[in-house]
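Take a look at the structure below.
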Amino acid sequence: MTPTLAQLIDTVVREHYPHPPATEHEIAEFEARAGWQLGPELRALYTRTNGAELFVPLPDARYSILPLAELQRARVRMRGIDDDTMGAASWWTLVDCQDSDFVLVDVAGPAPYPMLDAYHGTYPEVRQVAASLREFLTRALASNNRLYWLQDD
């Protein structure tokens with residue numbers, strides 16, 4: 006049976022390395038700065054933890070869910086250029102994998118937002134690794150600290 010998003014977030018908060026929750030003010034500030042709404046899944050996550058590391062703390066975390074203040078357009082974070090030649094404006098960094106690899110959230114359509122793998126060396130080439138935050142957390146938490154979408158990991 007697939008766990009609910011609430012159960013997955015409970016696991017992150019209970020068994021991993023969560024940050025303090027984001028306040029409603031921090032969420033509102035982020036949404037105003039970003040120009041998009043978190044949607045139900047991301048809002049549920051950030052009201053429980055404003056970022057988290059899975060399995061091990063920084064600097065060794067392979068899954069570091071970024072705090073709201075550190076979420077950026079992927080093309081700015083990865084290439085330092087904010088134009089369409091460097092990827093879609095709707096791609097935002099969400100998870101830093103500490104090896105020049107990021108998991109992005111694509112906010113172009115309605116929530117739940119798909120999750121994309123973006124490697125610095127091949128960006129703006131990306132590939133979908135989960136259809137939603139719920140699917141991403143399900144697979145990441147079952148990964149035993151492996152980047153589940155990489156076969157040679």
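So for the sequence shown, our numbering puts the first residue at 6; every next one is plus one.
C-beta atoms are modelled at their ideal positions from N, C-alpha and C, and glycine is treated no differently.
Please go through the same chain and pick out, in chain order, the residues whose beta-carbon is closer than 7 Å to the beta-carbon of residue i, but skip the five residues on each side of it.
i	result
Leu50	Ile14 and Leu138
Glu46	Leu10, Ala116, Pro117, Ser137, Leu138 and Arg139
Please confirm whether residue i and residue j have their CB atoms less than 8 Å apart.
i	j	result
Val108	Phe141	yes
Val100	Ser69	yes
Could you tell me which of the options sits nearest to residue i, measuring between CA atoms?
i	options	result
Glu29	Asn149, Pro23 and Arg48	Arg48
Pro72	Phe35, Trp96 and Pro45	Phe35
Arg84	Trp41, Ser105, Ala116 and Ile70	Ser105
Ala145	Cys102, Trp41 and Thr127	Cys102
Between residue i and residue j, what straight-line distance do the alpha-carbon atoms span, to the nearest angstrom?
i	j	result
Thr98	Gln77	6 Å
Pro64	Ala74	18 Å
Pro25	Leu59	15 Å
Ala57	Asn150	14 Å
Pro23	Tyr153	21 Å
Thr7	Thr16	13 Å
Return yes when at least one heavy atom of the ligand ADP lies under 7 Å from the C-beta of residue i, else no.
i	result
Pro64	What this structure holds is no ligand at all, so the ligand ADP is not there to describe.
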